[in-house]
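Beneath this line is the structure, given in structure tokens, with notes to follow.
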Ligand SMILES: [Zn+2]
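Numbering (the numbering used here), first residue to last: 145 to 373.
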């Protein structure tokens, strides 16, 4: 039987929590794998060691089974054959039913390249003529989450019950979102968590609940039961 594995990619160690920390907290009984492409070494604050610790702390808050890092170069995520194959092999190894990646249009070029890389890798992973150590695999669904810019979303996920967990997970990334007085001033340490919560509240309000994260599923969305929409 196919396991219900969800594989989520992010460019930097805090991307996944920003876009879908609530979704993860709400699905703590699912088998979720978080995969960061870089260690975020180019961030204005923090360093590799600090960011690694923060990512693991957040993983534990979200009760996620496994978090891996592909150690690609921060600010230099290249969509080339080598990297597409690396990501394809991660997909083939875990055989997820659902893959998430950042939406392809975002203020940060690394987020866009992460998105493109995962899209390419999903395609390659399903090709029989791509030979690697793992068997071919094509996930059932590919879904985009949003980091900075939001457009063209096609569903909303209710995170009202778990908003505090999302805040707790985001707060683990203290080097990015905290300000100890010595930090370099960035848009991230200027009430960023509060802005994300406000954004989630805005989308919750659209759906008549307190907080929602929003997503874009690639391809058609099938409805079997009209009472569920
Ligand atoms: Zn990022």
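Just so you know, even glycine gets a beta-carbon here, dropped at the ideal spot from N, CA and C. These numbers were taken from a predicted model, which means no experiment stands behind them.
Proximity of residue i and residue j at Cβ, strictly below 7 Å
i: residue 313; j: residue 206; result: yes
i: residue 244; j: residue 289; result: yes
i: residue 242; j: residue 150; result: yes
i: residue 319; j: residue 194; result: yes
i: residue 246; j: residue 283; result: no
i: residue 355; j: residue 345; result: yes
i: residue 291; j: residue 255; result: yes
i: residue 301; j: residue 167; result: yes
i: residue 198; j: residue 316; result: yes
i: residue 212; j: residue 281; result: no
i: residue 268; j: residue 215; result: no
i: residue 161; j: residue 202; result: yes
i: residue 227; j: residue 200; result: no
i: residue 174; j: residue 330; result: no
Residue range of the beta strand (DSSP E) that includes residue i
i: residue 154; result: 149-154
i: residue 287; result: 285-289
i: residue 357; result: 356-361
For residue i, three-class secondary structure by DSSP
i: residue 233; result: helix
i: residue 332; result: coil
i: residue 226; result: helix
i: residue 244; result: strand
i: residue 349; result: helix
i: residue 299; result: strand
i: residue 211; result: strand
Cβ-heavy atom distance, residue i to ligand 1, below 6 Å
i: residue 199; result: no
i: residue 155; result: yes
i: residue 170; result: no
i: residue 335; result: no
i: residue 159; result: yes
Delimiting residues of the alpha helix (DSSP H) encompassing residue i
i: residue 262; result: 253-269
i: residue 201; result: 192-205
i: residue 314; result: 307-315
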